[in-house]
Structures are given as C-alpha cells and as structure tokens.
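Going letter by letter, the sequence shown gives residues 0 to 71 in numbering that gives the first Met the number 0. C-beta atoms are modelled at their ideal positions from N, C-alpha and C, and glycine is treated no differently.
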Amino acid sequence: MHYPAKAFSKNGKDTIVAKKDPKAILGQRRGATEGDLEKVRQMYCKKNANTDDGLDEVEDNRLLDELVEYFE
0 MHYPAKAFSK
10 NGKDTIVAKK
20 DPKAILGQRR
30 GATEGDLEKV
40 RQMYCKKNAN
50 TDDGLDEVED
60 NRLLDELVEY
70 FE
C-alpha cells in the first residue's frame, strides 16, 4: 500500500522521485497485492492450528470484506 505521490510534501511537489527517470511511476496503483492482503489477514485473523494456512475466520469479517473489496 502506497501513499499518494505528494504525501507529506510541504512544497506541493512529489515526495519521492526516481533518479534515473523522474517521470517514472513508482509502485503500482492497480489495487492491493496478494502480499498486501496477506498482511491484512495476519493482522486481523486469529491463528487456528486446524486450518492449512493457520488462519481462521475474522471475528467480525465485515470490515475485512470491505477493505479487500475496496482494493480489488
């Protein structure tokens, strides 16, 4: 998950600019990656030794569903 290009900028310019190609787009903006979703699962899912991946249902999965849907 990335911050917007001008996040934390005091002068209104991009916060981070590529050295070789200043117009290059850094990161991807298409949505959450599998790695992003895995981090969300690690943060919001409780461990359960009975499942293959060690994760069980989220106690209140409404918030997680909304978050995943937002990034898809």
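Report the rounded CA-to-CA distance for residue 8 versus residue 44, giving the unit in angstroms.
-> Roughly 34 Å between the two C-alpha positions.
How about residue 14 and residue 23: are their beta carbons less than 8 Å apart?
-> Judged by beta-carbon spacing, residue 23 lies beyond the 8 Å limit of residue 14, meaning their Cβ atoms are not closer than that value.
What does a CB cutoff of less than 8 Å around residue 19 pick up in its chain, not counting 5 residues either side in sequence?
-> So no residue of the chain qualifies.
Contact check, residue 17 vs residue 25 under 8 Å by CB: the rounded distance?
-> Yes, residue 17 and residue 25 are in contact; Cβ-Cβ is about 6 Å, under 8 Å.
Alpha carbon of residue 10 to alpha carbon of residue 29, nearest angstrom | Counting only the Cα atoms, residue 29 lies some 27 Å from residue 10.
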